[in-house]
Amino acid sequence: MNMELKEKLLSSFMAFEERVDVQTELHDVRTSALKNFENKGFPTKKDEAWKYTSLNAILKNDFSVFPKNETAIEFRDVKKYFLHEIDTYKLVFIDGVFSSNLSSTTHEGIDVCLMSSALNKPKYKMVIDTYFNKVASKDESLTSLNTAFANEGAYINIPKSKVADKPIEIMYFSTGSEAALLVQPRNLVIVGENSHVQIIERHQSLNENPVLTNSVTEIFAQKRAIVDYYKIQNDNHEANLIDNTFVSQQKESHVSVHTFSFGGNLTRNNLNFYHFGERLTSTLNGITIIGEKQHVDHYTLVNHATPNCESFQDYKGIFSDRSTGVFNAKVYVEKEAQKTNAFQKSNNILLGDKSTINAKPQLEIFADDVKCSHGCTVGQLDETAMFYMQARGIPKKEAKALLMYAFSNAVIENIKIPELKKRITTIIANKLGVKMGFDL
Amino acid sequence: MLSIKNLHASIGDKEILKGINLEVKAGEIHAIMGPNGAGKSTLASIIAGNENYEVTEGEISLDGEDLSELAPEERAHKGVFLSFQYPVEIPGVSVTNFMRTAINETRKANGQEEMPANEMLKVIREKSELLEIDRKFLSRSLNEGFSGGEKKRNEIFQMAMLEPKLAILDETDSGLDIDALRIVANGVNKLKSDKNAIIVITHYQRLLDYIVPDFVHVLYNGKIVKSGDASLALELEEKGYDWIKQEQEA
Chain A
0 MNMELKEKLL SSFMAFEERV DVQTELHDVR TSALKNFENK GFPTKKDEAW KYTSLNAILK
60 NDFSVFPKNE TAIEFRDVKK YFLHEIDTYK LVFIDGVFSS NLSSTTHEGI DVCLMSSALN
120 KPKYKMVIDT YFNKVASKDE SLTSLNTAFA NEGAYINIPK SKVADKPIEI MYFSTGSEAA
180 LLVQPRNLVI VGENSHVQII ERHQSLNENP VLTNSVTEIF AQKRAIVDYY KIQNDNHEAN
240 LIDNTFVSQQ KESHVSVHTF SFGGNLTRNN LNFYHFGERL TSTLNGITII GEKQHVDHYT
300 LVNHATPNCE SFQDYKGIFS DRSTGVFNAK VYVEKEAQKT NAFQKSNNIL LGDKSTINAK
360 PQLEIFADDV KCSHGCTVGQ LDETAMFYMQ ARGIPKKEAK ALLMYAFSNA VIENIKIPEL
420 KKRITTIIAN KLGVKMGFDL
Chain B
0 MLSIKNLHAS IGDKEILKGI NLEVKAGEIH AIMGPNGAGK STLASIIAGN ENYEVTEGEI
60 SLDGEDLSEL APEERAHKGV FLSFQYPVEI PGVSVTNFMR TAINETRKAN GQEEMPANEM
120 LKVIREKSEL LEIDRKFLSR SLNEGFSGGE KKRNEIFQMA MLEPKLAILD ETDSGLDIDA
180 LRIVANGVNK LKSDKNAIIV ITHYQRLLDY IVPDFVHVLY NGKIVKSGDA SLALELEEKG
240 YDWIKQEQEA
C-alpha cells in the first residue's frame, strides 16, 4: 500500500519531467529531492518523529498524483470560506491548479502571484536562486517529495519598506473530480526589510473524496520584517494535511504563525523556525479542537542560534470522543545564543475516556545565560471554575462549554485581523455550543 | 427562610462541620465570624451546593424546601447566591455575556422567557450605576486582571443583577482597602430588603461597621459556639479569637 503510492510517485516523475524544463538548476534540485524520497520512503511509526502518527491507512488510497485541468467553481459557492467581509488579495487553487477566476493577484508594489510563474519566468530567476528550497529541509522525506514535484503554489514577495495594504488569502480547494487526490502545494514567502504582511492559508475539500495535501511553505523574514501567518485547518473528515513550514528570520524580525486545527481526518503540522540574527521574535500559537476519531499532530522546532532572541509557543487543545493529539515541541538553544528567552506552553483538556494527547516538550540548551521554560498540562476542566458558574445558575453543560471557550481564548487574543478573530471565535463558539455575541 | 439543622459535613475523611444550627429569616443580616480553619467558607460552599463536600448528617432547607439533592445551579435558580472569596477568572467571557447567560439560564429554569436584549442593557446600566461601576469594566473578561477590590465589586454587581433571596458573602472584605470596602458595603446595603436575607462571612469586625448585622455567630472548630447581636462583633474585636478558644477549652 505504502509501496504502491511510492512506486506510483516515482514512476510519475518521468511523466512530470515531460512537462517541465529539465535543463535547469531547479530540476537538479528536484531530482536530488526525489532521490532522497526514494531512499527514505514515507515515514512510518518506526521513525521517532512519526511515533504517534501513522500514515498507513491514508496511503492505502489510490491517489491521483497529477491535477487535471481546472474544474470551475462559482465564488458564491465558496464565499463562506473566504474572509469576504474585507478586501484581500487571493491566490486560489482548485485541485492544485490556479484559478484566475477566483483569484486576485498583484504586481503593484508587491508581488502576490503564482509559483509556476516564479519558477519559470526569467525575471524571477534571481529570487528563486536565492531563496527557493534554501530553508526547507533537504533531509526530511515528505518535504523532499514536495520539492521533487514542486510546481505550483503561492509566491509572495514584499520588497523592503512596504506594508502589504491588504491581507493575502491562500486557498486550496479540492473538488472531488478525482476519486482520491494528492496535492502538493509549494509556497514561497519573502518579506523585505521593514516590511509587513498578513497571510491566511486554508485548505478546503468540497466533497467527501479523500484528499492528501503535502504542502511546503518557506518564509523568509528580512531585518525588521513582520509576518503574521494564520493557518485555518477546518476541512472535512476525509481530508488529510501534512503541512511543512520553514521560517528563516533575520535580525529584529517578528514572525508569528497561528494554527487553528478544527477539522480534517489527520493533520500534521511541521513548523520550524531558524534564527539568523539578533533581537528577533518567533511566535507559535495553536488551538486544536477535535472529536470523533480526528488526529492532530503539532511538531515544532525553534532553533535559537543567535543571542538576544525570543520565542513564544502557546498551544491549546481540547479533545473529545476518541480524538488524539500530539504536541512535540523542540527548542534548541545553541551555545552562541546567550540571553535567549524561550517559552513553551501546551495546555490540553481531555473530555472523553478515550481521547489522548501525547506531549513531548523538549528543551536542548547549550548556552548558559538563558531563560527557558516549558509548561505542559493535561487535564479536565477546572472544578472551581465549574462550581463558580454553576453557583451563578449556569448548568454544568453550558458551564463546560463556556470554560472551554475561555480556555481557547488566550490564543485567539493574538489574532491581529479583527474579522478573522471574529470568524475564528464564531467557529469555536459553535463547536463548543456557546452562545456569544452580546456586548455593550 | 434558611434553616440549617445539625449539619455535619466532611471533605474526604475530614469532618469540617460538626453540627451547625442556624435560622435566618427574611429581612435579616447574619454575620458569621471565626478564626481561620473554623469552617466558615466551607459552610458557605455547602449551602451553595459544592459537590466536593459530603453532607453526612443534618439538613439545609430554603423556605421549607430541602436543598440537599439540588445541584448548585438549581440552588441558584431558587435564589441562593454565593459571593466567592476568590472569584474565578474566565478569560474571553465578558462580564455582560456571563451575566446574560446566568440570568437567562435562571429564567429558563423558572419557566420564564429570556430577557430581551434592550431590557438587559437597561438593567445592566441601572445596577452598574448603583454600584458606581464604570461601563468599560463590564466589557472586560470576567475577573481577568481585576484587582481584589474590583473582583469583589463585580461579585456584588452580579448579586445586584441576579437579585437573590439568600446572599452569602464569603470574606467579601478580604483584600479591600477602606474605599473599596465602603463601595461594596454601600452596594450590599442598597440591595437588602425585607424580602431577602444576607449572611456575611468575615474574619474581621471592620465590614460590620458598614453592613450592620442583626445577629452575629461565632464559628469555631466546626460548630457555632456563640451567638449574639452586633455588639458581639465588637467584643470579639476587643478580646480576639483567643477568648473564644479559651472559653471552649475550659
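Protein sequence lines correspond, in order, to chains A and B.
Taking numbering that gives the first Met the number 0, the leading residue of the first sequence gets 0, the next gets one more, and so forth.
Taking numbering that gives the first Met the number 0, the leading residue of the second sequence gets 0, the next gets one more, and so forth.
Quick reminder that beta carbons are idealized off the backbone N, C-alpha and C, glycines included.
Proximity of residue i and residue j at Cβ, strictly below 8 Å
i        : j        : result
B/Asp169 : B/Ala30  : no
A/Lys161 : A/Gly95  : no
A/Gln361 : A/Phe342 : no
A/Ala409 : B/Pro71  : no
A/Leu141 : A/Asn243 : yes
B/Ile223 : B/Val187 : no
B/Val79  : B/Pro163 : yes
B/Tyr209 : B/Ala232 : no
A/Lys159 : A/Gly191 : yes
A/Thr299 : A/Lys329 : yes
A/Tyr154 : A/Ser102 : no
A/Thr146 : A/Ala32  : yes
A/Gln183 : A/Ser214 : yes
Residue i to residue j span [Cα, whole Å]
i        : j        : result
A/Asp438 : B/Leu61  : Unreliable placement is indicated for A/Asp438, whose pLDDT of 49 sits below 50; the coordinate value is still reported in the next sentence. The straight-line gap from Cα to Cα measures roughly 34 Å.
A/Asn302 : A/Glu24  : 29 Å
A/Ile423 : A/Asn268 : 19 Å
A/Ser98  : A/Ala71  : 8 Å
A/Gln379 : A/Glu363 : 30 Å
A/Lys137 : B/Glu149 : 56 Å
A/Cys375 : A/Gln389 : 27 Å
A/Lys89  : A/Asp368 : 44 Å
A/Asn429 : A/Ser319 : 15 Å
A/Glu277 : B/Ala179 : 47 Å
A/His297 : B/Lys121 : 47 Å
A/Ala304 : B/Gly36  : 53 Å
A/His253 : A/Val226 : 6 Å
A/Ser407 : A/Gly285 : 9 Å
B/Lys151 : B/Glu50  : 24 Å
B/Leu81  : B/Ile46  : 9 Å
B/Ile198 : A/Glu382 : 24 Å
Proximal residues of chain A, C-beta to C-beta of residue i below 9 Å
i        : result
B/Gln157 : Arg391
B/Gly128 : One point to set straight first is that residue 128 of chain B is Glu, not Gly, in the sequence displayed. Chain A residues near B/Glu128: none, gap ~14 Å exceeds 9 Å.
Contact with chain A by residue i, beta-carbon distance below 8 Å
i        : result
B/Gly91  : yes
B/Ala101 : yes
B/Thr41  : no
B/Pro212 : no
B/Ala70  : yes
B/Leu16  : no
B/Glu301 : Since the first and last residues shown for chain B are 0 and 249, residue 301 of chain B lies out of range.
Within-8 Å CB hit, residue i to chain B
i        : result
A/Pro441 : As shown, chain A starts at 0 and ends at 439. That puts residue 441 of chain A outside it, with no answer to give.
A/Ala178 : no
A/Glu84  : no
A/Leu439 : Any answer about A/Leu439 is weak, because its pLDDT of 40 lies below 50 and its placement is not dependable; what the coordinates show is given next. Yes - at least one Cβ of chain B is within 8 Å of the one on A/Leu439.
A/Asn284 : no
A/Leu401 : yes
A/Glu291 : no
A/Glu397 : yes
Interface partners of residue i on chain A, CB under 8 Å
i        : result
B/His76  : Gly392
B/Thr171 : Under the 8 Å cutoff, chain A gives no residues; its nearest Cβ is about 15 Å from B/Thr171.
Neighbour list for residue i in chain B, Cβ cutoff strictly below 7 Å
i        : result
A/Thr383 : Val87
A/Asn408 : Pro90, Gly91
Contacts of residue i in chain A (Cβ-Cβ under 7 Å)
i       : result
B/Asn49 : Phe386
B/Phe83 : Tyr387
Any non-hydrogen atom of the ligand PLP closer than 7 Å to residue i Cβ
i      : result
B/Ser2 : With respect to small molecules bound, the structure shown includes none, and the ligand PLP cannot be examined in it.
Beta-carbon neighbours of residue i, restricted to chain B and to distances below 8 Å
i        : result
A/Tyr440 : Here chain A covers residues 0 to 439 and nothing more, so residue 440 of chain A does not appear.
A/Tyr404 : Gly91, Val92
Length at least 3, wholly inside the region 104 to 170 of chain A: the beta strand (DSSP E) runs in chain order
110 to 113, 153 to 157
Residue ranges of each alpha helix (DSSP H) run of no fewer than 4 residues wholly in the region 200 to 263 of chain A, ordered along the chain?
none
Runs of alpha helix (DSSP H) wholly within the region 65 to 140 of chain B (minimum 4 residues, chain order):
71 to 76, 94 to 108, 116 to 129, 134 to 137
Alpha helix (DSSP H) runs wholly inside the region 164 to 233 of chain B, at least 4 long, in chain order
177 to 190, 206 to 209
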